[in-house]
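To get my numbering, take the position in the sequence shown, counting from 1, and add 950.
First comes the structure, then the notes that go with it.
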Amino acid sequence: MRTLNLFSRFSEKQLLTTGIVCMLAGAWILSFTQCSFDAVLHMTVLNKSFAALLAETMVIILLLFLFLFLAAKIFNNKTRLVDVLNTAMISRIPLFLLALYNLNGSLSEQVATIASGKLPQPDASMFIFSFTSLLLVLASIVILVQGFKVAANAKKPLHYVWFAIAVVLADIASRFILPYVNF
């Protein structure tokens, strides 16, 4: 299992560099595919500028970082900022891949169909998107858990309760703050 844990395989400098590059690339992917994250784990189809999407991505990462760091500090005063920041940035990578489903506009079409009051006919592409979305969200959560475990030296069940509370609070905070991030 150790080989699957990015945080024990790579140095914090490698993770930080990868996180920054992927944050920029992720905002570009969101811009190119006309997708946006309006919460920590919620993607929507909206046409926004690259600057707005980058700002939203940075706010989400900052909120995840802030709440995870505070949760980790509750039980481990030696938690380092860079480790939690890396966790917040690296965990976004699988979620950026979700936007690639809208390359041909199929997600936009399904959203428009639902918005008009109709339900789209289930087909293979909808099943594939649903299954892939589930896997990518799970991958993001696994990365968050692994990163938090390494950053905070989390071992007890109560540590993971704090982790869950932090992620939920970051999600709630992002839903209140992101509507005010305009470029």
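Ideal placement from N, C-alpha and C gives every residue a C-beta, glycine not left out.
Query, Result
"Measuring straight from C-alpha to C-alpha, what distance separates Asn1045 and Leu1086?", "With the sequence shown as reference, residue 1045 is identified as Leu, and Asn is not the correct amino acid for it. The straight-line gap from Cα to Cα measures roughly 6 Å."
"Could you tell me whether the Cβ atoms of Val1118 and Val1009 are closer together than 8 Å?", "no"
"Would you give the residue range spanned by the alpha helix (DSSP H) that Phe957 belongs to?", "956-959"
"Please state if the CB of Thr1007 and the CB of Gly1055 are separated by a distance shorter than 8 Å.", "no"
"Just to confirm, is the Cβ distance from Thr968 to Ile1040 under 8 Å?", "yes"
"Applying the 10 Å Cβ sphere with the 16-neighbour rule, what's the burial state of Ser1090?", "buried"
"May I have the straight-line CA-CA distance separating Gln1071 from Ala1062, to the nearest angstrom?", "13 Å"
"Residues bridged to Ala989 by DSSP?", "His992"
"Within the same chain, show all residues whose beta-carbon is closer than 6 Å to that of Cys972, passing over the 5 residues directly before and after it, in chain order.", "Ile1043"
"Can the beta-carbon of Phe902 be found closer than 8 Å to that of Tyr1051?", "For the chain, the structure presents residues 951 to 1133; residue 902 sits outside this window and is missing."
"Got a sec, what are the start and stop residues for the alpha helix (DSSP H) Thr930 sits in?", "Residue coverage of the chain in this structure runs from 951 to 1133, which leaves residue 930 outside it and unanswerable."
"Are the segment 982-989 and the segment 1112-1129 touching, with three or more C-beta to C-beta distances below 8 Å?", "yes"
"Please state the DSSP three-state secondary structure of Thr1029.", "coil"
"Does the beta-carbon of Phe957 have 16 or more other beta-carbons within 10 angstroms, so that it is buried, or is it exposed?", "buried"
"Does the Cβ of Asn997 have 16 or more other Cβ atoms within 10 Å, making it buried, or fewer, making it exposed?", "exposed"
"Applying the 10 Å Cβ sphere with the 16-neighbour rule, what's the burial state of Gln964?", "exposed"
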